[in-house]
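Worksheet for the structure shown next.
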Ligand SMILES: Nc1ncnc2c1ncn2[C@@H]1O[C@H](COP(=O)(O)OP(=O)(O)O)[C@@H](O)[C@H]1O
Ligand SMILES: [Mg+2]
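Residue numbers (this note's numbering), protein chains in the order written: chain A, -12 to 211; chain B, 111 to 530.
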C-alpha cells in the first residue's frame, strides 16, 4: 500500500501571546484510498495540524512527506504547486470567490495548474458538478446559492485537479444533519469509487464512526 | 508557472465589481495625465513661439564696429610723459566710420566655416522721410531680403508685400507700419527720403512690415543693400553690420569672442543680448512639471487607497487563492495588474483628453500686435510628451500598487482562515 501522507515527529509552538506547545510529536501516516477522520476537543490542535499538513503553515518542527517525497523546507512556489496539484482543501466555512460563478470557482485551480485546455477544464468541472448533483447551478454566482450547495461547490473545486488527498476542517460543522449526511455520503462514495484519500476533522461522532479510521487528539497529542 | 490569463481575469472581475472606486482611481490618473499633456503642449508651444520670436529673428552673432574712445590717447605716445600719471578730461570718440573694414573677406571667411549657417551684411543709416513739408527722422537698413528671410524669418514680419517684391525692385522700400500710417501711405505709393547730406531720392513702397515694437515700426524701413549703398554714394563694399546664424546656437559665445579678437570688431552673441529670455523658459518648464507631478502624486494616492481597500475586502479571496495553489507572487500579480490596468486606462484616457484640450487651445483665437503671424494660441504637439505621459502614468500606478500588492503577497492564509 502506498503512503500518501506521512507526518514524522511534528512539533509546533505558538510564541504569542505566551509560548504554547500546541502540537506534540505528531507521527502518523495515511495510505492511499483511506478515509480517515480526526476527532478531539475544541482547542486540542486539529486545525493547526491540518494547516501544517496542507502545507499552508510552514512554521513547525519535524518532517512532512507527501507521496513519499519530503515537503518540509520546500520553497513557497513549490508548496503552492503542491497544494494546487496534490491537495484539495474543504473548509468549515464555504470559502468561494463570491464574485465568480460556481463553474468559474471550480475551474480556477485547474486553470492555475494549466495542464489542460480551457474546454477540457470546463468539461471536467461540469462533470464534478454533476457528480455532486449541482450542475444546474453552474452559471450562478457563488454568492447566490445556499450553504449546503456552497459546500458541495467547494468539494467539486477540491476535486478538480484529481488530488492525492482531500483534507477537510469540519466541512459539515456548519450544515444541518440532512446536508451533513449528504456531504458524508459524497466523501464515502468518492473514496469507494474513485479510490480517493480523505482526511477529515470532525466533531460529529456518527460521521467519524462511518470512516475507515479515527485519529483521536488531545492536548496536541495523538492518542493511541 | 505564470497563468496570466487567470490572473488578469481575476483582476478584471475585482475591478468591475468595484466599478465606482475603480472609476474614481482611473479618473484621478486621467486628470493628472490630461493636465500634464495640456500644460506641456501649451507651455512648450509658448516657449517655442517666444524662442522663434527672439531667436529666429535675432542673429546668433551680431558684428559691427563700435564708436568708442581710443584706448590709447595721443599723450600716451609721447615719450616724455612715459613715466608720469596722465589725466585726460573729456575724452571724445575718435571720428571713425561705422563701416566694417574688409567686410567682404570677413563675410567669405564666415560663410565658409562649417558651423555657420549663414552670414549676411546690412547697411544701417539714418535718413529723413519727407512728407509734404515735414521731415521725419528714421532708419533705413539695406538688406538682402531673400537671405534675411532664409536665416532670420524676415517674411514673418511683413504684413503686406513679400521679400521677393522688395528684392526685385531696385527702387523699392519696405516701410514700418506705424510710419506708413503716420504718413498715410499705401503700397504702390512713392515716398521721398533724404540722406543726412541732403540728397533726395524717391522710392516706391512695395510693402509694410510690423515688428510689434512701436518704436521700431514708427521709424524703420528696409531697402535692398545695393539701393542704400547707391543712395549713400558708397561702393558695394560698404557694410555696417554682419549678422551670423549658426547651426548650433550654443557656440555663439565662443565664436563671438574669437571674431572680436581676430578682426578687432564688436561681436555680440545672442545669449548675452537676450539673457533674460532663458530664465522665462526655465520657469515655465518648472511650472508645467511641478503641476503635473503634483496631480500624478494625488492620483497615485488614489490608486494606493483603492488597492489597500480592495485588498482588505478581498482577504477571503486571497486566502482561497493561496489555499488552492496560487503563490504569493501570483496574488501580487493580480493586484499589480489591477493597478496597471487603472494606470493604462486612466493614462490613455488622459492622453486623449489632453490631446483634445490642447487641440481646443490650438484653435482659440489669439491675436496680438506683437506677433503678426500668430492667429491662435501656440501649441506644441510633440509625440514625446505623449510617450512621457503614458510612462508617467505607468510608473506612478506601479509605485502606488507596489506596497499594497506586496502586502497581499505576504498575507498568511492561515491567519485569514482562522479569523473567520
Ligand atoms: N495564532 C495563534 N496564536 C496563538 N494561539 C493560537 C493561535 N491559533 C490557535 N491557537 C491556539 O492553539 C490551540 C489549538 O487551536 P486549533 O488548532 O484551532 O484547535 P482545534 O481546531 O482543535 O479546535 C487553541 O488553544 C488555540 O487557542
Ligand atoms: Mg478547528
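Yeah, the Cβ is synthetic: ideal placement off N, Cα and C, and Gly gets one too. Just so we're clear, the structure is a prediction, and the values are computed from it rather than from any experiment.
**OP:** Tell me whether residue 165 (chain A) is buried or exposed, calling it buried when 16 or more other Cβ atoms sit within 10 Å of its Cβ.
**Re:** With fewer than 16 other Cβ atoms within 10 Å, it is exposed.
Original post:
By DSSP, does residue -9 (chain A) sit in helix, in strand, or in coil?
Top reply: In the structure shown, residue -9 (chain A) sits in a strand (DSSP, three-state: E or B).
Original post:
When the Cα atoms are used, what is the spatial distance from residue 113 (chain A) to residue 432 (chain B)?
Top reply: Going by the C-alpha atoms only, they are around 23 Å apart.
**OP:** Determine the chain A residues that contact residue 447 (chain B) at a beta-carbon separation under 7 Å, and present them in chain order.
**Re:** In chain order: nothing, as chain A lies at least about 15 Å away.
Original post:
How would you list, in chain order, the residues of chain B whose beta-carbon sits under 7 Å from the beta-carbon of residue 87 (chain A)?
Top reply: The answer, in chain order, is 123.
**OP:** Count the other CB atoms, across all protein chains shown, that sit within 10 Å of the CB of residue 440 (chain B); report buried if there are 16 or more and exposed otherwise.
**Re:** Buried, because 16 or more other Cβ atoms sit within 10 Å of the Cβ of residue 440 (chain B).
Subject >> Residue(s) in a DSSP beta bridge with residue 304 (chain B) >> reply: In the DSSP output, where bridge partners are listed per residue, residue 304 (chain B) has B:238 and B:310.
Subject >> Against chain B: residues of the region 89 to 100 of chain A by CB proximity under 8 Å >> reply: Within the region 89 to 100 of chain A, the qualifying residues are 95, 96, 98, 99 and 100.
Subject >> Distance CB(residue 140 (chain A))-CB(residue 93 (chain A)) smaller than 8 Å >> reply: Taking 8 Å as the Cβ cut-off, residue 140 (chain A) and residue 93 (chain A) qualify as a contacting pair.
**OP:** Mark residue 152 (chain B) as exposed unless 16 or more other C-beta atoms lie within 10 angstroms of its C-beta, in which case mark it buried.
**Re:** The residue is buried, with at least 16 neighbouring Cβ atoms inside 10 Å.
Subject >> Candidates B:136, B:301 and B:529, of which the one nearest residue 426 (chain B) by Cα >> reply: Closest by alpha carbon: B:529.
Subject >> Any non-hydrogen atom of ligand 1 closer than 7 Å to residue 35 (chain A) Cβ >> reply: Yes - ligand 1 has a heavy atom lying nearer than 7 Å to the Cβ of residue 35 (chain A).
**OP:** State buried or exposed for residue 474 (chain B), treating a residue as buried only when at least 16 other CB atoms are found within 10 Å of its CB.
**Re:** Residue environment: residue 474 (chain B) is assigned as exposed (fewer than 16 neighbouring CB atoms within 10 Å of its CB, all protein chains considered).
Original post:
Just checking my contact of residue 447 (chain B) with residue 121 (chain B) at CB under 8 Å: how many whole Å lie between their CB atoms?
Top reply: The Cβ separation is near 4 Å, so the contact holds.
Original post:
Beta carbon of residue 64 (chain A): closer than 7 Å to some heavy atom of ligand 2?
Top reply: Look at residue 64 (chain A): its beta carbon is at least 7 Å from all of the heavy atoms in ligand 2.
Original post:
Since residue 228 (chain B) and residue 260 (chain B) are thought to touch, with beta carbons under 8 Å apart, how far apart are those beta carbons, to the nearest angstrom?
Top reply: Yes, they are in contact, since the Cβ atoms of residue 228 (chain B) and residue 260 (chain B) sit about 7 Å apart, within 8 Å.
Subject >> Cβ shell of residue 71 (chain A) (< 8 Å), same chain only, five flanking positions each side left out >> reply: Cβ neighbours of residue 71 (chain A) within its own chain (closer than 8 Å, five residues either side excluded): 96, 99, 100 and 148.
Subject >> Of the residues B:490, B:349, B:365 and B:384, the one placed nearest residue 209 (chain B), counting alpha carbons only >> reply: Of the candidates B:490, B:349, B:365 and B:384, the one whose C-alpha sits nearest the C-alpha of residue 209 (chain B) is B:349.
**OP:** Compare the Cα-Cα distances from residue 172 (chain B) to each of B:429, B:416, B:393 and B:354 and report the closest residue.
**Re:** Of the listed residues, the one whose Cα sits closest to residue 172 (chain B) is B:354.
Original post:
Helix, strand or coil for residue 197 (chain A) per DSSP?
Top reply: It is coil, neither helix nor strand.
Original post:
Over what stretch of residues does the alpha helix (DSSP H) that includes residue 221 (chain B) continue unbroken?
Top reply: That run of the alpha helix (DSSP H) goes 213 to 222.
Subject >> Partner residues on chain B for residue 84 (chain A), Cβ-Cβ distance less than 7 Å >> reply: For residue 84 (chain A), the chain B residues whose Cβ falls inside 7 Å of its Cβ are 427 and 430, in order along the chain.
Original post:
Measuring CB to CB, does residue 125 (chain A) end up less than 8 Å from residue 83 (chain A)?
Top reply: Contact annotation: residue 125 (chain A) and residue 83 (chain A) have beta-carbon atoms that are not nearer than 8 Å.
**OP:** Verify the contact flag: residue 105 (chain A), CB atom, against every heavy atom of ligand 1, threshold strictly below 7 Å.
**Re:** Using a cutoff of 7 Å, the CB of residue 105 (chain A) does not count as near ligand 1, since none of the ligand's heavy atoms is closer than that.
**OP:** Report yes if the C-beta distance between residue 76 (chain A) and residue 41 (chain A) is below 8 Å; otherwise report no.
**Re:** A contact, by the Cβ cut-off of 8 Å.
Original post:
So, residue 67 (chain A) versus residue 435 (chain B), is the Cβ gap smaller than 8 Å?
Top reply: Yes, Cβ-Cβ distance for residue 67 (chain A) and residue 435 (chain B) is below 8 Å.
Original post:
chain A beta carbons: is any one of them nearer than 8 Å to that of residue 113 (chain B)?
Top reply: Closer than 8 Å to some Cβ of chain A, the Cβ of residue 113 (chain B) qualifies, so yes.
Subject >> Residue from B:196, B:443, B:235 and B:187 whose Cα sits closest to the Cα of residue 517 (chain B) >> reply: By alpha-carbon distance to residue 517 (chain B), the top candidate from B:196, B:443, B:235 and B:187 is B:443.
Subject >> Local Cβ density within 10 Å of residue 131 (chain A), reported as buried at 16 or more and exposed below that >> reply: Exposed is the call here.
Original post:
According to DSSP, is residue 130 (chain B) helix, strand or coil?
Top reply: Here residue 130 (chain B) sits in helix by DSSP.
**OP:** Count the other C-beta atoms from every protein chain shown that fall within 10 angstroms of the C-beta of residue 300 (chain B), then say buried if there are 16 or more, exposed otherwise.
**Re:** Exposed: under 16 other Cβ atoms inside 10 Å.
**OP:** Within its chain, find whatever has a CB closer than 7 Å to the CB of residue 170 (chain B); leave out the 5 residues flanking it on each side and keep chain order.
**Re:** The beta carbon of residue 170 (chain B) sits closer than 7 Å to those of 354, 355, 356, 359, 362, 379 and 380, all from its chain and outside the five residues before and after it, given in chain order.
**OP:** Specify the secondary structure class of residue 389 (chain B) as computed by DSSP and reduced to three states.
**Re:** Looking at residue 389 (chain B) - three-state DSSP - the assignment turns out to be helix.
Original post:
Where are the alpha helix (DSSP H) runs, 4 residues long or more, that stay fully inside the region 283 to 358 of chain B, in chain order?
Top reply: If you keep only unbroken alpha helix (DSSP H) runs of at least 4 residues inside the region 283 to 358 of chain B, you get 287 to 292, 324 to 327 and 335 to 342.
Original post:
Leaving out the 5 sequence neighbours to the left and right, which residues in its chain are closer than 7 Å to residue 312 (chain B) when beta-carbon positions are compared?
Top reply: Cβ-Cβ distances below 7 Å link residue 312 (chain B) to 300 and 302 in the same chain, with the five nearest sequence neighbours on each side left out; the list follows chain order.
**OP:** Compare the C-beta of residue 128 (chain A) with all C-beta atoms of chain B and state if any pair is closer than 8 Å.
**Re:** So no, residue 128 (chain A) is outside the interface.
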